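Asks:
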Amino acid sequence: MTIPTIDLPLIDHHTHGVIPKDLDYKQFQQAFSESYLPPPDGATEFQKPLGLAIRRFCPPILDLEPHVSGERYVERRLELGATEVNRRFLRAGGFERLIIDTGFKSDSILNVEQMAEIAAVPANEVVRIEAVAEDVVRSGVDAAGFADSFRERLLSRSRDAIGLKTIVAYRTTFKVDQSRPAENDLAAAAGEWMKEIETTGKVRLTHPVLVRAALWTAGDICRQRKFPLQVHSGLGDDVYIHACDPSHFTDFIKSMQDWEVPITLLHNYPFIREAGWLSEIYRNVYLDTGVVQNYTGPSSARIIQESLETAKFSKLLFSTDAIGLSELYYLGSVLFRRGLKIALDQWLSDDFITLQDADEIIQSVAYGNARRIYNLEA
Numbered sequence: 000m001t002i003p004t005i006d007l008p009l010i011d012h013h014t015h016g017v018i019p020k021d022l023d024y025k026q027f028q029q030a031f032s033e034s035y036l037p038p039p040d041g042a043t044e045f046q047k048p049l050g051l052a053i054r055r056f057c058p059p060i061l062d063l064e065p066h067v068s069g070e071r072y073v074e075r076r077l078e079l080g081a082t083e084v085n086r087r088f089l090r091a092g093g094f095e096r097l098i099i100d101t102g103f104k105s106d107s108i109l110n111v112e113q114m115a116e117i118a119a120v121p122a123n124e125v126v127r128i129e130a131v132a133e134d135v136v137r138s139g140v141d142a143a144g145f146a147d148s149f150r151e152r153l154l155s156r157s158r159d160a161i162g163l164k165t166i167v168a169y170r171t172t173f174k175v176d177q178s179r180p181a182e183n184d185l186a187a188a189a190g191e192w193m194k195e196i197e198t199t200g201k202v203r204l205t206h207p208v209l210v211r212a213a214l215w216t217a218g219d220i221c222r223q224r225k226f227p228l229q230v231h232s233g234l235g236d237d238v239y240i241h242a243c244d245p246s247h248f249t250d251f252i253k254s255m256q257d258w259e260v261p262i263t264l265l266h267n268y269p270f271i272r273e274a275g276w277l278s279e280i281y282r283n284v285y286l287d288t289g290v291v292q293n294y295t296g297p298s299s300a301r302i303i304q305e306s307l308e309t310a311k312f313s314k315l316l317f318s319t320d321a322i323g324l325s326e327l328y329y330l331g332s333v334l335f336r337r338g339l340k341i342a343l344d345q346w347l348s349d350d351f352i353t354l355q356d357a358d359e360i361i362q363s364v365a366y367g368n369a370r371r372i373y374n375l376e377a
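Numbering (numbering that gives the first Met the number 0), first residue to last: 0 to 377.
1. Could you spell out the range, first to last residue, of the alpha helix (DSSP H) harbouring Leu163?
2. Between the alpha carbons of Ile271 and Ser306, how many angstroms are there, rounded?
3. For a quick check, are the C-beta atoms of Tyr285 and Leu330 less than 8 Å apart?
4. Beta strand (DSSP E) containing Thr14: first to last residue?
5. With contact counted as at least three CB pairs below 8 Å, one residue from each stretch, are the region 15-35 and the region 43-53 in contact?
6. On a CA-only basis, which of Ile252, Val364 and Asp23 is nearest Gly80? Give me that one, please.
7. Please classify His383 as buried or exposed, where buried requires at least 16 other C-beta atoms within 10 Å of its C-beta.
8. Cys221: which of Glu182, Arg76, Pro261 and Gly233 sits nearest, CA to CA?
9. Out of Phe226, Ser246 and Arg224, which has the shortest C-alpha to C-alpha gap to Gly233?
10. Tell me which residues share the same chain as Phe145 and place their Cβ nearer than 6 Å to its Cβ, disregarding the 5 neighbours each side in the sequence.
11. Decide if the region 173-192 is in contact with the region 113-120; the criterion is three or more beta carbon pairs, one per stretch, under 8 Å apart.
12. Going by beta carbon distance, what residues of the same chain come within less than 8 Å of Thr378, once the five residues before and after it are set aside?
13. What residue range is occupied by the uninterrupted alpha helix (DSSP H) comprising Leu185?
14. Mind checking whether Glu129 and Ile99 have CB atoms under 8 Å apart?
15. Which residue from Pro227, Tyr328 and Ser254 puts its Cα closest to that of Asn85?
16. How many angstroms separate the CA atom of Asn293 from the CA atom of Asn183?
17. Please report how far the alpha carbon of Ser105 lies from the alpha carbon of Ala369, in whole angstroms.
18. Using C-beta distances below 6 Å, list every residue in its chain close to Arg152, excluding the 5 sequence neighbours before and after it, in chain order.
19. Let me check one thing: in DSSP terms, what residues is Phe94 bridge-paired to?
20. What residue does the alpha helix (DSSP H) around Thr216 start on, and which one ends it?
21. Which one of Ile352, Arg337 and Thr353 has the shortest CA to CA distance from Ile5?
22. If you reduce the DSSP assignment to three classes, tell me which class Gln229 lands in.
23. I'd like the span of the beta strand (DSSP E) that includes Glu74, first residue to last.
24. Can you tell me whether Leu339 is helix, strand or coil according to DSSP?
25. Buried or exposed for Phe351, please, with buried defined as at least 16 other CB atoms from any protein chain shown within 10 angstroms of its CB.
26. In the structure shown, what three-state DSSP assignment does Ile99 receive?
27. State buried or exposed for Ala160, treating a residue as buried only when at least 16 other CB atoms are found within 10 Å of its CB.
28. Thinking C-beta only, is Phe103 closer than 8 Å to Arg137?
29. Between which two residues does the alpha helix (DSSP H) holding Thr249 run?
30. What do you reckon, are the CB atoms on Tyr169 and Gly69 nearer than 8 Å?
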């Protein structure tokens, strides 16, 4: 006995916009690489698990046979045009709703309203707190007024949102002091950051005191508005990965538990087991496997099985973390459905669950848990 094909609608609780323009062969490959550098001479981005997954599952959506060459695939994309390609993949993914982080590459991808239109499903925004801080400092505020201006801007920017997000793991790693900084220290820290910007010409929030202040301000707002706080964990394109183990973030997690603020740990690879155990210990911790489902391609079922080892089923979420390519939305859906079915079929075969148990788990992870913590109606 096996469970039926998983065809329930999915709430993608953490994702981004897609690129609205046509992409040539080189540009397409860049869009599914996490590296800032091109592949070695003679190699391509298709020569990795994600490349295999694209060539296996995506061509039929564009009227091609599976496993076509990368060159033919991109050629077909160009024949159809970006709008049609994006429409096909986003509507083939079986989504109920998209929850979109707008704080990265927002000038080159579709916004929330445009994504809702092309995907033909509701879409909501999650506001990235570091991006708001960087907008504030660009506005010309002085050091003394930075903290108050940040709070006011974050309140304003998140008025129509349903959550906040932090990339503290990118900026300071989790091995940062997680206590709330003193108000008296904020002006001096802002002044130091502004001097750094003058010197480097780069507006990038990495000052530990200000990162901590932003976290706690976000916590205040999440507590007030009953938002979850999304927390990037584990892998990324600009991290010291050994210091991005979410167990290092325990002090802040515990503080947010006292405030009844849900923490959603995103991606987590290679710390999926750690994230799962945190979800067992702390009532406010949730997790997904996010972008890793796509990047592991043929091994994605094992990643999903790992997330099921200890995590409560009421704490698991679905996301794609797709950005740029609409293929990544579709693949995230396909590989998640496939991997969850493989895991539950094994449990059913081993007599650990019934079909009813499997159905309850699927509904929880596909959309039920996200509806609950993001305060969404069915």
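All C-beta atoms, glycine included, are put in the ideal place defined by N, C-alpha and C. Small disclaimer: the values here were computed from a predicted structure and weren't measured.
Replies: If we stick to the structure as given:
1. For the purposes of this step, residue 163 is taken as residue 164 along the sequence shown, with counting starting at 1. Annotation: Leu163 is outside any alpha helix (DSSP H); the continuous beta strand (DSSP E) that includes it extends over Gly162 to Thr165.
2. Residue mapping note: residue 271 aligns to position 272 of the sequence shown, counting from 1. Residue mapping note: residue 306 aligns to position 307 of the sequence shown, counting from 1. Each residue's alpha carbon lies about 6 Å from the other.
3. Within the sequence shown, the letter at position 286 stands for residue 285. Within the sequence shown, the letter at position 331 stands for residue 330. Against a cut-off of 8 Å, the Cβ pair of Leu330 and Tyr285 comes out as no contact.
4. One-based indexing of the sequence shown puts residue 14 at position 15. It spans Leu9 to Thr14 - the beta strand (DSSP E) in which Thr14 sits, taken as one unbroken run.
5. With the cut-off at 8 Å, the region 15-35 and the region 43-53 touch.
6. Within the sequence shown, numbered from 1, the residue matching residue 80 stands at position 81. Measuring from the Cα of Gly80, the nearest candidate turns out to be Asp23.
7. With the chain represented from 0 up to 377, any question about residue 383 goes unanswered, as that position is not in the structure.
8. Looking up residue 221 in the sequence shown gives position 222. Looking at the Cα atoms, Pro261 is the closest of the given residues.
9. Position 234 of the sequence shown, counted from the first residue, corresponds to residue 233. It is Ser246 whose Cα lies nearest to the Cα of Gly233.
10. Along the sequence shown, one-based indexing puts residue 145 at 146. Non-local C-beta neighbours of Phe145 in its own chain, meaning closer than 6 Å and more than five positions away in sequence, comprise Ala189, ordered along the chain.
11. Here the region 173-192 makes no contact with the region 113-120; the two share fewer than three CB pairs at distances below 8 Å.
12. Residue 378 is absent from the structure shown; the chain starts at 0 and stops at 377.
13. On the sequence shown, residue 185 is found 186 positions in, with the first residue counted as 1. Looking at the DSSP string, the run of the alpha helix (DSSP H) that includes Leu185 is Leu185 to Thr199.
14. The residue you call residue 129 lines up with position 130 of the sequence shown. The residue you call residue 99 lines up with position 100 of the sequence shown. In this structure, Ile99 does not lie closer than 8 Å to Glu129 by Cβ.
15. Within the sequence shown, numbered from 1, the residue matching residue 85 stands at position 86. With distances taken between CA atoms, Asn85 lies nearest to Tyr328 out of Pro227, Tyr328 and Ser254.
16. Numbered from 1 along the sequence shown, position 294 holds the residue referred to as residue 293. Numbered from 1 along the sequence shown, position 184 holds the residue referred to as residue 183. If I take the Cα positions, the gap works out to 45 Å.
17. Along the sequence shown, one-based indexing puts residue 105 at 106. Along the sequence shown, one-based indexing puts residue 369 at 370. Going by C-alpha positions, Ser105 is about 24 Å away from Ala369.
18. On the sequence shown, residue 152 is found 153 positions in, with the first residue counted as 1. Residues of the same chain with a CB within less than 6 Å of the CB of Arg152, apart from the 5 flanking positions on each side, are Val131 and Val135 in chain order.
19. Position 95 of the sequence shown, counted from the start, is the residue given in the question as residue 94. Beta-bridge pairing links Phe94 to Leu9.
20. Looking up residue 216 in the sequence shown gives position 217. Per DSSP, Thr216 belongs to the alpha helix (DSSP H) from Pro207 to Arg224.
21. Sequence index remark: in the sequence shown, residue 5 carries index 6 (1-based). Of the candidates Ile352, Arg337 and Thr353, the one whose C-alpha sits nearest the C-alpha of Ile5 is Arg337.
22. As a working mapping, residue 229 is identified with position 230 in the sequence shown. Assigned with DSSP and collapsed to three states, Gln229 falls in strand.
23. One-based indexing of the sequence shown puts residue 74 at position 75. Unbroken run through Glu74 is the alpha helix (DSSP H), Gly69 to Leu79; no beta strand (DSSP E).
24. Stepping through the sequence shown from its first residue, residue 339 is reached at position 340. Here Leu339 sits in helix by DSSP.
25. Translated into positions along the sequence shown, residue 351 becomes position 352. Counting Cβ neighbours within 10 Å, Phe351 comes out exposed, since fewer than 16 surround it.
26. As a first step, residue 99 must be located in the sequence shown, where it is residue number 100. In the structure shown, Ile99 sits in a strand (DSSP, three-state: E or B).
27. In the sequence shown, counting from the first residue as 1, residue 160 sits at position 161. By the neighbour-count criterion, in which a residue is buried when 16 or more other Cβ atoms sit within 10 angstroms of its Cβ, Ala160 is buried.
28. Translated into positions along the sequence shown, residue 137 becomes position 138. Translated into positions along the sequence shown, residue 103 becomes position 104. No, the Cβ-Cβ distance between Arg137 and Phe103 is not below 8 Å.
29. As a first step, residue 249 must be located in the sequence shown, where it is residue number 250. Unbroken alpha helix (DSSP H) run through Thr249: Thr249 to Asp257.
30. Mapped onto the sequence shown, residue 169 falls at position 170. Mapped onto the sequence shown, residue 69 falls at position 70. In terms of Cβ geometry, Tyr169 and Gly69 do not form a close pair [threshold 8 Å].
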